[in-house]
Amino acid sequence: MISFEESIATAVAATGTFKKEEVIPLLSIPQETTHGNFSLPCFALAKTLRKAPKIIAEEIASQIVLPLGLSKVEPVNGYLNFFIDRDFLAQSVLEAVAATQLSYGHFAPNNKTVVIDYSSPNIGKELAFHHLRSTMIGNSLARIYKAAGYRVERVNHLGDWGTAFGKLIVMYLREDRKTDPATLDSLTVKELNILYSSFSKASKEEPELEDAARAAFSKLETGDVFYRTLWLAFRAATLKELMRIYNMMGVSFDHYTGESFYEPLMPAVIEELQQKNLMTHSQERDVVMLDEFNLGPCLIRKSDGSTLYATRDLAAAIYRKKEFNFDKCLYVVDLGQSLHFKQVFHVLEKMGREWYTDMYHIPFGVILNQSEDGKWEKGKTRTGTASLLRDVIEAASEKILTFIDEKNPELENKAAVATQIGISALTFNDLKNRRLMDVKFDWDSALSFEGATGPYVQNAHVRLCSIMRKAGYTVNVADVDWKILTDDYSYELIKVLSRKGDRIRQACEIDEPSVLAQYALEIAEAAHRYIHNDRVLGSPEEKARLFLVQSTQVVLENVLDLLGLFPIRAM
RNA sequence: GCCCUCAUAGCUCAGUUGGAUAGAGCGCGCCCCUCCUAAGGGUGAAACCUGCGUUCGACUCGCGGUGGGGGUACCA
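At position 343 of the first sequence (counting the first as 1) the number is 353 in our numbering, and the numbers step up by one without a gap.
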């Protein structure tokens, strides 16, 4: 199918004014309905043609031969406004939806591979609310990239290696806990979390504990069997809880390759750095200097010889390139780590890995918590200022359940649906704004489900499903009279549906799920308005209108899915 | 100090890649359930941090301020 933009461009070019390739980037979609579907500003030509834009627009309008599907063109104040035939638009959009269903607006495979690293929580700590961001942004990006034609490798780069484990080990042994298999097997994240905070507290009194932790990690890294047993137990306990939450959220990964996975690969990295003469010894540590990029040094090895996360990220990047031969590799990590990624990418550059330009840090704003003196600052798991993810999910689900009891007490599987709506609400709240925006967390707004929220979008989907259910039959494309779908409400809704492909492309280009979240709101809004104004069941226009309802439902269902929201059918 | 990032209505945010009269939600004022889920629809008041610059045209791009947040060698 030839796009409207293209046929307009061809027609305009035929008048001998604009060149065809000049037109498409200039075409915009006016916000005013009275300005048509596409608008071409003619100001750019004023200089070369030595004419007023107003005159140019009028001349083109009088000479142009309208392509198929356009009903009129109108010159106004130097703009050229194009109007699409309403029934032509209805037919071309809805036929495409009918033919492609959930994959309407998706792109053909492009033979490119993208690796997306997201969620990547630290083992030994409970998931805090801020982990929702990386998890859901990454989850949505993975779905968006797939829709855009990419092969996607979803990687959970678990933080299961590093000094943190030294801390846990030190604390565990210091508290003289049992280390028999049964006890280790029944460990919970909660206990580990407490162990963590006790370490932080204790190390304030005894700073030498920090050294003990580093030593313990060093011992772990050099292969101490007993320490490794403890480490495995800590890891397993966390993973169990992690999987429970991921399942509940509908999130999954192709690879759970944590930092420890790269442990055997690190000596090669260090050797290469040495061979290429990139590593220098400074302040007792092994570093790569990055002065030429106006950056501080990248730390490769501590004074006791153990590695840091930059070392492991280098090994991981090299491994991923070899394993997946990616065209892009994304790191969905908060903006506080942008320096770290800049350093890692530049070290790769210095190592001669020319694919370092395919590595992208996809930063997002941090969750801010209000402290007692009223200032907003980054929450800390350690000090307990950050809320736990499972607590927030639980509170959201509970609140939704009271809604259901009030509005639709007969609903089946109330509790399960409430959880799905609750999680979707939190997810949507996280995705609806540009990812770089900081999020000020407070319980009231996190649990506010009125207005532009997940439940609003889900409700639109539910109402569409409800109409379809009550109709009891589905309409075939061949039986639709397109002329019926030309009133203002149908037309506005169809226009929204027609933009799906554009939105997917844009969301993918700028790695921004909020593009689709805003789009979901647009669909929901147009759908709510449509079914409020155009009665479907029992009306003379029932067939055509029901077909529009079906089409809208399919489009919305997939958009919800691309965002990682549950497209529920009853609430 | 240096680096990154954000600034639009009372509050929380959109703004189609530089285009015409800057849009929503919450809150505030009204209206609409004998009507497919009122978790809805309609309607009113209300805004581009500041100064230069680029441009036919700037909320959007560039430079300088101001304010919030984050980062800045052995945590991740």
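By construction, the Cβ of each residue, glycine as well, lies at the ideal position given by its N, Cα and C atoms.
Please read all numbers here as calculations on a predicted model, not as lab measurements.
Check, Outcome
"Return the CA-CA distance between residue 149 and residue 388, expressed in angstroms with no decimal places.", "23 Å"
"Mapping the DSSP letters down to three states, classify residue 293 as helix, strand or coil.", "coil"
"Is it the case that the Cβ atoms of residue 451 and residue 378 are separated by a distance below 8 Å?", "yes"
"Should residue 235 be labelled buried (16 or more other beta-carbon atoms within 10 Å of its own) or exposed?", "exposed"
"Less than 6 Å between C-beta atoms, sequence neighbours within five positions excluded: which residues of the same chain meet that for residue 409?", "457"
"Which residue or residues does DSSP assign as beta-bridge partners of residue 161?", "123"
"So for residue 47, helix, strand or coil by DSSP?", "coil"
"So what does DSSP say about residue 372, is it helix, strand or coil?", "strand"
"Looking at the secondary structure, which residues open and close the alpha helix (DSSP H) in which residue 114 lies?", "Per DSSP, residue 114 belongs to no alpha helix (DSSP H) and is neither H nor E."
"Which whole runs of the beta strand (DSSP E) in the region 407-456 are 3 residues long or more, in chain order?", "449-451"
"Name the one or two DSSP bridge partners that residue 89 has.", "51, 86"
"For residue 339, which beta-bridge partners are listed by DSSP?", "125, 369"
"Which of the three DSSP states is assigned to residue 492 in this structure?", "helix"
"What first and last residue would you give for the alpha helix (DSSP H) that runs through residue 578?", "Per DSSP, residue 578 belongs to no alpha helix (DSSP H) and is neither H nor E."
"If you compare alpha carbons, which of 166, 88, 59 is closest to residue 144?", "166"
"Report all residues from its chain with a CB closer than 7 Å to the CB of residue 88; omit the five preceding and five following residues, and keep chain order.", "51, 52, 53, 63, 64, 67"
"Classify residue 369 as buried or exposed, calling it buried when 16 or more other Cβ atoms lie within 10 Å of its own Cβ.", "buried"
"For residue 502 versus residue 527, is the C-beta distance shorter than 8 Å?", "no"
"Pull up the CB-CB distance for residue 362 and residue 446, whole angstroms please, since I reckon it's below 8 Å.", "Not quite, the Cβ-Cβ distance comes to about 32 Å (not below 8 Å), so this is no contact."
"Note down the Cα distance separating residue 462 from residue 24, rounded to an integer number of angstroms.", "45 Å"
"What distance in whole Å lies between the Cβ atoms of residue 269 and residue 169, which are believed to be in contact at a cut-off of 8 Å?", "6 Å"
"Can you tell me whether residue 38 is helix, strand or coil according to DSSP?", "strand"
"Given a cut-off of 8 Å, decide if residue 325 and residue 256 are closer than it, judged by their beta-carbon atoms.", "no"
"Tell me whether residue 133 sits in a helix, a strand or coil according to DSSP, three-state version.", "coil"
"Near residue 472, what residues of its chain come up, given a Cβ to Cβ distance below 7 Å and the 5 sequence neighbours on each side ignored?", "578, 579, 580, 581"
"Please identify the residue among 222, 138, 510, 204 whose C-alpha is closest to the C-alpha of residue 173.", "222"
"With DSSP collapsed to three states, give me the class of residue 608.", "This structure cannot speak to residue 608, because the chain is shown only from 11 to 581."
"Is it the case that the Cβ atoms of residue 118 and residue 496 are separated by a distance below 8 Å?", "no"
"Measuring straight from C-alpha to C-alpha, what distance separates residue 504 and residue 104?", "8 Å"
"My guess is that residue 517 and residue 154 are in contact by the Cβ rule of under 8 Å, so how many angstroms apart are they, rounded?", "5 Å"
"Classify residue 348: buried if its beta carbon has 16 or more other beta carbons within 10 angstroms, exposed otherwise.", "exposed"
"Keeping to the same chain, check which residues put their C-beta closer than 7 Å to that of residue 218; ignore five residues upstream and five downstream.", "none"
"Using 8 Å as the threshold, is the region 155-163 in touch with the region 177-186, meaning 3 or more CB pairs across them?", "no"
"Assuming residue 425 and residue 411 are in contact, meaning their beta carbons sit under 8 Å apart, how far apart are those beta carbons, in whole angstroms?", "7 Å"
"Identify, in the order they occur along the chain, each residue of the same chain with its Cβ nearer than 6 Å to the Cβ of residue 265, setting aside the five sequence neighbours on each side.", "165"
"Would you say residue 481 and residue 566 are within 8 Å of each other, going by their C-beta atoms?", "no"
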